[in-house]
Structure formats: C-alpha cells, structure tokens
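Participant: Here it is, the structure in full.
Protein chains: 2
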Amino acid sequence: MSLYAIGAVAAQTGVSAKTIRYYESTGLIPPAARASNGYRVYSERAVHLLRFVKRARDLGFSVEQVGNLLALWADEKRESAEVKKLAVAHLEEIEHKIDALQDLRNTTRTLIECCHGEDRPDCPILENLASQPGDDD
Amino acid sequence: MSLYAIGAVAAQTGVSAKTIRYYESTGLIPPAARASNGYRVYSERAVHLLRFVKRARDLGFSVEQVGNLLALWADEKRESAEVKKLAVAHLEEIEHKIDALQDLRNTTRTLIECCHGEDRPDCPILENLASQPGDDD
DNA sequence: GATAGACCTTCCAGTAACTAGAAGGCCAAA
DNA sequence: TTTGGCCTTCTAGTTACTGGAAGGTCTATC
C-alpha cells in the first residue's frame with residue numbers, strides 16, 4: 060500500500076497542505092498517521108476521503124454539512140433519504156442565494172442605466188443611495 | 060437641530076447599535092460626538108450618512124467599496140464616471156456569482172434527480188461525491 | 001562533512017463583517 | 001431606592017481558511 064506525504068496529497072486532491080492540517084485540527088477528518096520523523100502520512104483511503112471532502116466543498120456544502128455527509132458515507136446503515144434531504148436543503152439555499160443576487164443585479168443595473176457617467180459631478184447613483192429611507196425596505 | 064442616541068439611530072436606519080460602533084471603530088464613519096455623560100450623539104447629517112451606508116451595503120457593496128462611495132459622495136469635485144465605474148465593477152461581480160451559483164444549482168439538481176431517496180443505503184449522491192477525481196476539475 | 005533547497009512541523013495572527021456577552025455606568029419613573 | 005432600560009468598553013466567537021515565523025528533516029551536490 061502506498062503512502063503519501065501531505066504535499067503529495069495536496070497535489071493529488073487540490074486541497075492545500077495548510078487546509079488539510081486545518082481540517083484535521085477541527086476534526087473534520089481523522090488525525091493522519093505519522094512517520095518516525097513526525098511527518099504526516101496518508102493512505103489511499105485517506106486520500107479518497109479528502110477527495111470526497113473537496114468535491115462536496117466545491118459543490119458549495121459548508122464544512123459542517125460536509126461533516127454530516129462524511130458521517131453518512133461512513134455509515135453502512137445510512138438511508139439514501141437522509142442524504143437526499145441534506146442535498147435538497149442545500150439546493151434550496153443555493154436557489155435563495157440566486158434569487159437574492161438576481162434582485163441585486165436588477166437594482167444595480169437600473170441604477171447604472173440612469174447614470175450618464177460623465178465628467179460632471181451630478182450622479183444619480185449617489186443620489187439614489189442617499190435618498191429617503193423606506194424606498195425599498 | 061435634533062440629536063439622537065445610538066439606539067434611536069439604529070431604529071431609524073436599520074443598522075444595529077453594535078454595528079454602528081463597529082463602523083466607527085474601523086473608520087468607515089467619523090467618530091460620533093459625545094454628550095457630557097459619554098454617550099454618542101448623532102445629528103441628522105450623521106443619520107443620513109449611515110442611511111447611505113446601509114443602502115449601499117444592502118446593494119451588496121463591500122464595506123471597503125462603501126468607503127470609496129462615501130469618499131466620492133463627500134467630494135464636490137467627484138466625477139459621475141468614477142461612481143459608475145465602481146457600480147459596473149460591482150455589477151460584474153454579482154453576475155459572476157450568479158453564474159457560479161447557477162452551475163452549482165444544476166449540478167446539485169442532477170445529483171438529486173438520480174437519487175431514489177428511499178430506505179436503502181445505496182445512494183448515488185454519495186457515490187458521485189466519492190467518485191474518481193478529475194471528473195469535473 | 002558542509003551546505004543549499006525543498007519539504008515538513010507547530011503556533012500565532014489576520015481576513016470580512018459583524019455578533020454575543022460580560023462588567024459596569026447613567027437615567028427616568030414608581 | 002430600586003428597577004429596568006439604555007449606554008459604555010473590552011474580549012472573544014463566527015466561517016473557512018491563509019500567511020508567516022521559527023525551526024526540524026531529507027536529499028543532493030560539492
């Protein structure tokens with residue numbers, strides 16, 4: 060069985076060495092085995108685990124959510140429905156964020172369209188920002 | 060001219076007292092005047108400034124960007140074009156975020172659609188997360 | 001054997017933008 | 001006078017890392 064130092068694992072997984080140590084320190088992943096010189100060593104299995112973490116993080120799951128997914132992953136008796144529940148909740152979060160950002164984009168766009176953008180100081184964007192309260196609260 | 064205590068300003072602007080103090084401590088807004096008992100007091104003008112900050116934050120400008128906008132707001136010789144540049148850059152940021160989130164949503168949705176979500180342990184979501192590297196890097 | 005460079009270790013601090021809480025002062029009303 | 005609510009400052013926690021310092025280790029080269 061091949062073993063890897065932290066730098067090699069970082070290169071393989073796309074998770075930086077710093078971040079791997081950080082994940083270990085927070086308990087997201089189990090403590091790595093150590094060589095006689097104190098260096099961390101990782102098995103294929105440990106690398107696989109980190110890859111799982113990376114994929115889930117790339118999909119926008121929070122570190123806490125990844126922890127939950129890892130527990131389900133490790134649990135032979137897990138129910139598919141539980142994982143699906145997490146994923147659906149996550150999807151809803153994403154959709155809320157998209158909605159909020161689209162509102163933001165529209166407002167910002169409108170503001171920009173009103174602005175002549177010239178060499179003069181009168182600026183509808185600043186005027187709007189400074190305008191009376193309650194306009195959109 | 061009416062003066063307000065920090066709590067009243069918080070109620071008027073929607074910015075919490077804690078956050079107002081925080082903005083002062085970071086230099087985003089100038090230090091408030093003080094009453095003889097040491098309490099902060101705010102003029103209409105100061106309230107107006109805070110309202111500006113709130114609106115810009117609500118539009119998703121970072122605190123640093125708000126600082127730039129405040130400087131332009133205060134600057135009688137400002138050019139409308141400069142403000143517009145900030146706003147356009149901000150709009151582009153928002154659009155990038157929306158694109159990234161939409162990709163995320165699509166991937167997550169596909170994952171969920173593949174999952175039967177039943178009482179059995181086999182789960183395509185976990186399998187996908189654990190799958191071979193390089194699939195989407 | 002010495003030394004250089006790349007790698008590893010730990011620990012501390014900083015990022016963004018607040019928020020929570022502790023400990024205590026001030027003020028108005030009953 | 002005491003109660004409650006507001007105000008003050010200071011410290012620390014949040015999320016998910018990242019940067020840097022100080023130092024040990026390994027490998028290759030001279």
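Chains as they are written, first to last, in our numbering: chain A, 60 to 196; chain B, 60 to 196.
Every residue, glycine too, gets a C-beta built ideally from N, C-alpha and C.
Threshold first: 4 residues or longer. Then list the alpha helix (DSSP H) segments lying entirely within the segment 114–153 of chain B, N to C.
Facilitator: With a minimum length of 4 residues, the continuous alpha helix (DSSP H) runs that stay inside the segment 114–153 of chain B are 122–133.
Participant: What is the residue span of the alpha helix (DSSP H) that Ser84 (chain A) lies within?
Facilitator: Translated into the one-based positions of the first sequence, residue 84 (chain A) becomes position 25. Here the alpha helix (DSSP H) through Ser84 (chain A) covers Ala76 to Thr85.
Participant: For the pair the segment 140–156 of chain B and the segment 116–125 of chain B, tell me if three or more CB-CB distances fall below 8 Å.
Facilitator: The segment 140–156 of chain B vs the segment 116–125 of chain B: in contact.
Participant: DSSP beta-bridge partners for Ala92 (chain B)?
Facilitator: Looking up residue 92 (chain B) in the second sequence gives position 33. Per DSSP, B:Val100.
Participant: Residues of chain A with CB closer than 7 Å to the CB of Leu131 (chain B), please, in chain order.
Facilitator: Position 72 of the second sequence, counted from the start, is the residue given in the question as residue 131 (chain B). Within chain A, the residues near Leu131 (chain B) are Leu185.
Participant: Excluding the 5 residues flanking Ala91 (chain B) on each side, which residues of the same chain have their C-beta closer than 7 Å to its C-beta?
Facilitator: Stepping through the second sequence from its first residue, residue 91 (chain B) is reached at position 32. Cβ within range, chain order: Glu83, Arg99, Val100, Tyr101 and Ala105.
Participant: Measuring CB to CB, does Ile153 (chain A) end up less than 8 Å from Thr167 (chain B)?
Facilitator: Counting from 1 along the first sequence, the entry for residue 153 (chain A) is found at position 94. Counting from 1 along the second sequence, the entry for residue 167 (chain B) is found at position 108. The answer is yes: Cβ separation under 8 Å.
Participant: Determine the direct distance from the alpha carbon of Arg114 (chain A) to that of Ile65 (chain A), and round the result to whole angstroms.
Facilitator: Reading the first sequence from its first residue, position 6 is the one you call residue 65 (chain A). Reading the first sequence from its first residue, position 55 is the one you call residue 114 (chain A). Between Ile65 (chain A) and Arg114 (chain A), the C-alpha separation is close to 18 Å.
Participant: Does chain B have any CB closer than 8 Å to the CB of Gly126 (chain A)?
Facilitator: Start at 1 with the first residue of the first sequence, and residue 126 (chain A) comes out as number 67. So no, Gly126 (chain A) is outside the interface.
Participant: Identify which residue in B:Ala189, B:Leu160, B:Leu108 and B:Asn96 has its Cα closest to the Cα of Val68 (chain B).
Facilitator: Position 9 of the second sequence holds residue 68 (chain B). Of B:Ala189, B:Leu160, B:Leu108 and B:Asn96, the residue nearest in Cα terms is B:Leu108.
Participant: List, in chain order, every chain B residue whose beta-carbon is nearer than 8 Å to that of Leu150 (chain A).
Facilitator: Within the first sequence, residue 150 (chain A) is the residue found at index 91, counting from 1. Ordered by position in chain B, the residues that pass the 8 Å Cβ test against Leu150 (chain A) are Arg164, Thr167, Arg168 and Ile171.
Participant: Could you spell out where the alpha helix (DSSP H) holding Glu186 (chain B) opens and where it closes?
Facilitator: For the purposes of this step, residue 186 (chain B) is identified with residue 127 of the second sequence, where counting begins at 1. Counting along the chain, the alpha helix (DSSP H) containing Glu186 (chain B) begins and ends at Pro183 to Ala189.
Participant: Cβ closer than 7 Å: which chain A residues qualify as neighbours of Ser139 (chain B)?
Facilitator: Stepping through the second sequence from its first residue, residue 139 (chain B) is reached at position 80. Chain A residues near Ser139 (chain B): Cys174, His175, Gly176, Glu177, Arg179, Pro180, Asp181 and Cys182.
Participant: Below 9 Å on C-beta distance, what does Glu154 (chain A) contact in chain B?
Facilitator: Position 95 of the first sequence, counting from 1, holds the residue named residue 154 (chain A). Those within 9 Å of Glu154 (chain A) in chain B are Leu160 and Arg164.
Participant: Taking only beta-carbon atoms, is Glu123 (chain A) less than 8 Å away from chain B?
Facilitator: Translated into positions along the first sequence, residue 123 (chain A) becomes position 64. No, because no Cβ of chain B sits closer than 8 Å to the Cβ of Glu123 (chain A).
Participant: Round the Cβ separation of Ser139 (chain B) and Cys174 (chain A) to the nearest angstrom and send it over; I've been treating them as touching at under 8 Å.
Facilitator: Numbered from its first residue, the second sequence carries residue 139 (chain B) at position 80. Numbered from its first residue, the first sequence carries residue 174 (chain A) at position 115. That pair is a contact at about 6 Å.
Participant: Mind checking if Ala118 (chain B) is an interface residue toward chain A, Cβ cutoff 8 Å exclusive?
Facilitator: As a first step, residue 118 (chain B) must be located in the second sequence, where it is residue number 59. Checking the sequence shown, residue 118 (chain B) turns out to be Leu, not Ala. It does: the Cβ of Leu118 (chain B) has a partner Cβ on chain A nearer than 8 Å.
Participant: Nearest CA to the CA of Leu118 (chain A): which residue from B:Leu118, B:Ala159 and B:Ser95?
Facilitator: Here residue 118 (chain A) is taken as the residue at index 59 of the first sequence, counted from 1. Checked all of B:Leu118, B:Ala159 and B:Ser95; the closest Cα to Leu118 (chain A) is B:Ala159.
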